[in-house]
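Count the sequence shown with numbering that gives the first Met the number 0 and you get residues 0 to 148, in order.
Glycine is no exception: its CB is placed at the ideal position from the N, C-alpha and C atoms.
Computed from a prediction, not measured in an experiment: that's the story for all the values here.
Structure first, then comments.
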Amino acid sequence: MKHITVIHGPNLNMLGSREAEIYGSIRLEDINQRLTSLAGELEMELRIIQTNHEGEMVESIQEAKPWADAIIINPAAFTHTSVAILDALKSVGLPAVEVHLTNVYARETFRHRSYIAGAVAGRIMGFGAESYLLALRAIQSILEKSALS
Ligand code: DQA
Numbered sequence: 000m001k002h003i004t005v006i007h008g009p010n011l012n013m014l015g016s017r018e019a020e021i022y023g024s025i026r027l028e029d030i031n032q033r034l035t036s037l038a039g040e041l042e043m044e045l046r047i048i049q050t051n052h053e054g055e056m057v058e059s060i061q062e063a064k065p066w067a068d069a070i071i072i073n074p075a076a077f078t079h080t081s082v083a084i085l086d087a088l089k090s091v092g093l094p095a096v097e098v099h100l101t102n103v104y105a106r107e108t109f110r111h112r113s114y115i116a117g118a119v120a121g122r123i124m125g126f127g128a129e130s131y132l133l134a135l136r137a138i139q140s141i142l143e144k145s146a147l148s
């Protein structure tokens, strides 16, 4: 059984009512349910956290270890601003996948920069809730490969 910490950043608790023309009508609870159900199929266990606070996100990353084998993270706005999140990911050294609901490159230029891009195994964006499910499958593949080597 693999253990995965899933971290949702600021304002993602508002999904469903937040800028529906951009993020659609799906709620964070729906995404979490879909993730939990896929995790069951893949024999993975999830710890899911949402925070609006940068320091809390740093702590969630630090506390992922030793329980978690990997991290899925959508830092939301902190993606584009936070050296602290980058440093936290580097310091735990767990394989991580960066997720975004939207294709940030089709949006404002300030969203084009990700501070954490260099510290993650890969980035999945633009597929709405499906981005998270694809990230879980990516993690499965990363962990399987590392078990073989
Ligand atoms: C987001 C994209 C970010 O630019 C934005 O600040 C978010 C959500 C996404 O999932 O598409 O809050 O991370």
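Could you give the first and the last residue of the continuous alpha helix (DSSP H) run that contains Gly121? Careful: Gly121 lies outside any alpha helix (DSSP H), inside the beta strand (DSSP E) at Gly121 to Met124.
Work out the CA separation of Val91 and Val98 for me, nearest whole Å. 18 Å
Buried or exposed: which applies to Ile21, given that a residue is buried once 16 or more other Cβ atoms fall within 10 Å of its Cβ? exposed
Does the beta-carbon of Ala75, which I'm using as the reference point, lie nearer than 7 Å to any heavy atom of the ligand DQA? Distances from the CB of Ala75 to the heavy atoms of the ligand DQA include at least one below 7 Å.
Is the Cβ-Cβ distance between Ile6 and Ala69 less than 8 Å? Cβ distance not < 8 Å, so Ile6 and Ala69 don't count as in contact.
For the ligand DQA, is there a heavy atom less than 7 Å away from the beta-carbon of His99? yes
Going by the CB atoms, is the gap between Ile115 and Ile84 shorter than 8 Å? yes
Going by the CB atoms, is the gap between Val96 and Thr117 shorter than 8 Å? It is worth fixing the name first, because residue 117 is Gly in this sequence and not Thr. Their beta carbons are not under 8 Å apart, which means Gly117 does not touch Val96 by this criterion.
Identity of the residues DSSP links to Arg46 by a beta bridge: Thr4
Alpha-carbon to alpha-carbon, Thr35 and Asp29: Cα to Cα, the separation comes out at about 10 Å.
Does the Cβ of His52 lie closer than 7 Å to at least one heavy atom of the ligand DQA? no
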